[in-house]
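Number of protein chains: 2
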Amino acid sequence: MGKVRVDITMSLDGFVAGPNQTLEEPLGRGGMRLHDWAFATRSWREQHGQSGGEANRDSELVEESTAATGAYVMGRRMFSGGSGAWEDDPNADGWWGDEPPFHAAVFILTHHPRETVVKQGGTTFNFVTDGIESALQQARAAAGEKDVLISGGAEVAQQYLAAGRLDELQVHVAPLLLAGGVRLFDNLGTANVELAPVRVVASPAVTHLAYRASGRT
Amino acid sequence: MGKVRVDITMSLDGFVAGPNQTLEEPLGRGGMRLHDWAFATRSWREQHGQSGGEANRDSELVEESTAATGAYVMGRRMFSGGSGAWEDDPNADGWWGDEPPFHAAVFILTHHPRETVVKQGGTTFNFVTDGIESALQQARAAAGEKDVLISGGAEVAQQYLAAGRLDELQVHVAPLLLAGGVRLFDNLGTANVELAPVRVVASPAVTHLAYRASGRT
């Protein structure tokens, strides 16, 4: 069975999005800068149908994560930026157009039931209304031998972390201070989680910190 | 002239002390674990009059920071854990006994005037009541060609960071989730600070992230 992973970019001061998230600026003020390192890589650009980019170590790590992943879990807000009934959500189709970059089953946590959406290139959007354990179970089944990637946002990552469900946590630390926004680590309760450093990779653009996570005994 | 540096240990979730700080547990619940990596080094132990410890890369970085430092600035709470009038502070002498590990001038930010205290081994405790700029100016004068180290706590580091006074920021990321306590990065306002990665050093115990800091233009 594959691992359950979080793989997410955070500013040095702990934010995965800046303040004032809107439909126009879904990552909040300054939040797009978090991902400059990824946008510059060949592998990220290929996944998003763009040419160019650097074939550097950062690019290898993006590729490594994607290649290992068999299914994705994400929150409703990450999917569309919205909340509430789908028919009132101006971005109900998600951010990624006709051929999203996942090429796998994506499980979206929501309180609002909806039929599965089949996209081009192998992506399916599956809407899960019965909680994080159910979403994980469905994602594991879809992923087969591969990993389940908990894509975010922060609240969803926190819920899986606090529930002791993560096997690996990779945080890409961007050299930024956002000074506000959405914190990756928040609401962890007593956080009975042990972390063991697995790997550190540094580039001029970002530092990749990988940890093995396990429940504290 | 030397640099103005912050050199501080933070949990992966951003805390420099755990919840519930007391005189008995000045770093809060779980907070001492932040410094396990340092306690294990030969250089930290030597500075604190203890034998043993590992002469590893972590130890070299502790030594490097200490050797470069000519004067320290810290907050009142870091100095004694107290607040208010000195005569009512049960720990008014600080945490470090007759021969503190600084061997240099230490400038303590406080609202309560007090005569300079001269300790064995070259440490002086100087109490500054007219703010962070004055403390920095006095520390620069005392440091000569060497660096001024902003020792903490978090609020003091934040004030110098927000004021654009830091030249370098080294964060030792401990593989821990404290899930509460005192955040290193908080109250940064608009944080017009640019960070440029300078060096990353990883050991099994901790990851050392060094950045050059500059005002955003």
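Sequence lines, in order, name chains A and B. Just so we're aligned, residue 0 is where the first sequence starts under numbering that gives the first Met the number 0, counting upward by one. Just so we're aligned, residue 0 is where the second sequence starts under numbering that gives the first Met the number 0, counting upward by one. For each residue, glycine too, the CB sits at the ideal point set by N, CA and C.
Roughly how many angstroms separate the alpha carbons of residue i and residue j, rounded to a whole number?
{"i": "residue 175 of chain B", "j": "residue 123 of chain B", "result": "34 Å"}
{"i": "residue 101 of chain A", "j": "residue 107 of chain A", "result": "13 Å"}
{"i": "residue 203 of chain B", "j": "residue 25 of chain B", "result": "26 Å"}
{"i": "residue 23 of chain B", "j": "residue 17 of chain B", "result": "13 Å"}
{"i": "residue 94 of chain B", "j": "residue 83 of chain B", "result": "17 Å"}
{"i": "residue 169 of chain B", "j": "residue 34 of chain B", "result": "15 Å"}
{"i": "residue 167 of chain B", "j": "residue 166 of chain A", "result": "34 Å"}
{"i": "residue 126 of chain A", "j": "residue 116 of chain A", "result": "9 Å"}
{"i": "residue 21 of chain A", "j": "residue 133 of chain A", "result": "29 Å"}
{"i": "residue 99 of chain B", "j": "residue 201 of chain B", "result": "29 Å"}
{"i": "residue 183 of chain A", "j": "residue 32 of chain B", "result": "21 Å"}
{"i": "residue 208 of chain B", "j": "residue 137 of chain A", "result": "38 Å"}
{"i": "residue 63 of chain B", "j": "residue 105 of chain A", "result": "48 Å"}
{"i": "residue 54 of chain A", "j": "residue 54 of chain B", "result": "37 Å"}
{"i": "residue 43 of chain B", "j": "residue 58 of chain B", "result": "7 Å"}
{"i": "residue 162 of chain B", "j": "residue 10 of chain B", "result": "24 Å"}
{"i": "residue 197 of chain A", "j": "residue 171 of chain A", "result": "14 Å"}
{"i": "residue 111 of chain A", "j": "residue 188 of chain A", "result": "27 Å"}
{"i": "residue 210 of chain A", "j": "residue 19 of chain B", "result": "27 Å"}
{"i": "residue 3 of chain A", "j": "residue 131 of chain A", "result": "13 Å"}
{"i": "residue 164 of chain B", "j": "residue 81 of chain B", "result": "26 Å"}
{"i": "residue 79 of chain B", "j": "residue 214 of chain A", "result": "35 Å"}
{"i": "residue 71 of chain A", "j": "residue 71 of chain B", "result": "48 Å"}
Using a C-beta to C-beta distance shorter than 9 Å, which residues of chain B count as neighbours of residue i?
{"i": "residue 159 of chain A", "result": "Neighbours of residue 159 of chain A on chain B: none; closest Cβ ~13 Å, over 9 Å."}
{"i": "residue 38 of chain A", "result": "The contacting residues do not exist; residue 38 of chain A stays about 17 Å from chain B at best."}
From the DSSP output, in three-state form, read off residue i for me.
{"i": "residue 91 of chain B", "result": "coil"}
{"i": "residue 179 of chain A", "result": "coil"}
{"i": "residue 77 of chain B", "result": "helix"}
{"i": "residue 171 of chain B", "result": "strand"}
{"i": "residue 9 of chain A", "result": "strand"}
{"i": "residue 34 of chain B", "result": "helix"}
{"i": "residue 64 of chain B", "result": "helix"}
{"i": "residue 22 of chain B", "result": "coil"}
{"i": "residue 113 of chain A", "result": "coil"}
{"i": "residue 148 of chain B", "result": "strand"}
{"i": "residue 193 of chain A", "result": "strand"}
{"i": "residue 214 of chain B", "result": "strand"}
{"i": "residue 187 of chain A", "result": "coil"}
{"i": "residue 108 of chain B", "result": "strand"}
{"i": "residue 208 of chain B", "result": "strand"}
{"i": "residue 86 of chain A", "result": "helix"}
{"i": "residue 96 of chain A", "result": "coil"}
{"i": "residue 16 of chain A", "result": "strand"}
{"i": "residue 121 of chain A", "result": "helix"}
{"i": "residue 4 of chain A", "result": "strand"}
{"i": "residue 156 of chain A", "result": "helix"}
{"i": "residue 39 of chain A", "result": "coil"}
So, under 8 Å CB-CB, residue i and residue j are touching, yes? Tell me the CB distance rounded to an integer number of Å.
{"i": "residue 97 of chain B", "j": "residue 118 of chain B", "result": "6 Å"}
{"i": "residue 180 of chain B", "j": "residue 30 of chain B", "result": "6 Å"}
{"i": "residue 52 of chain B", "j": "residue 41 of chain B", "result": "4 Å"}
{"i": "residue 77 of chain A", "j": "residue 151 of chain A", "result": "5 Å"}
{"i": "residue 199 of chain B", "j": "residue 212 of chain B", "result": "In fact, because the Cβ distance is near 16 Å, the residues do not count as touching under 8 Å."}
{"i": "residue 157 of chain B", "j": "residue 185 of chain B", "result": "6 Å"}
{"i": "residue 113 of chain A", "j": "residue 85 of chain A", "result": "5 Å"}
{"i": "residue 67 of chain A", "j": "residue 145 of chain A", "result": "6 Å"}
Going by beta-carbon coordinates alone, are residue i and residue j separated by less than 8 Å?
{"i": "residue 61 of chain A", "j": "residue 37 of chain A", "result": "yes"}
{"i": "residue 109 of chain A", "j": "residue 75 of chain A", "result": "yes"}
{"i": "residue 73 of chain A", "j": "residue 205 of chain A", "result": "no"}
{"i": "residue 121 of chain B", "j": "residue 103 of chain B", "result": "yes"}
{"i": "residue 149 of chain A", "j": "residue 5 of chain A", "result": "yes"}
{"i": "residue 147 of chain B", "j": "residue 135 of chain B", "result": "yes"}
{"i": "residue 195 of chain B", "j": "residue 12 of chain B", "result": "no"}
{"i": "residue 8 of chain B", "j": "residue 153 of chain B", "result": "no"}
{"i": "residue 65 of chain B", "j": "residue 46 of chain B", "result": "yes"}
Check the Cβ of residue i against every Cβ in chain B and list those closer than 8 Å, keeping chain order.
{"i": "residue 175 of chain A", "result": "194"}
{"i": "residue 208 of chain A", "result": "11, 172, 206"}
{"i": "residue 106 of chain A", "result": "In chain order: nothing, as chain B lies at least about 25 Å away."}
Give the interface partners of residue i over in chain A, defined as CB-CB distance under 9 Å, in chain order.
{"i": "residue 203 of chain B", "result": "195, 196"}
{"i": "residue 78 of chain B", "result": "Going along chain A, no residue has its Cβ under 9 Å from residue 78 of chain B, so there is no contact; the nearest lies around 25 Å."}
{"i": "residue 126 of chain B", "result": "In chain order: nothing, as chain A lies at least about 30 Å away."}
For residue i, go through chain A and note every residue whose CB falls closer than 8 Å to its CB, in chain order.
{"i": "residue 8 of chain B", "result": "The contacting residues do not exist; residue 8 of chain B stays about 14 Å from chain A at best."}
{"i": "residue 199 of chain B", "result": "199, 201, 206"}
If the cut is a Cβ gap below 7 Å, which residues of chain B does residue i touch?
{"i": "residue 101 of chain A", "result": "Chain B residues near residue 101 of chain A: none, gap ~27 Å exceeds 7 Å."}
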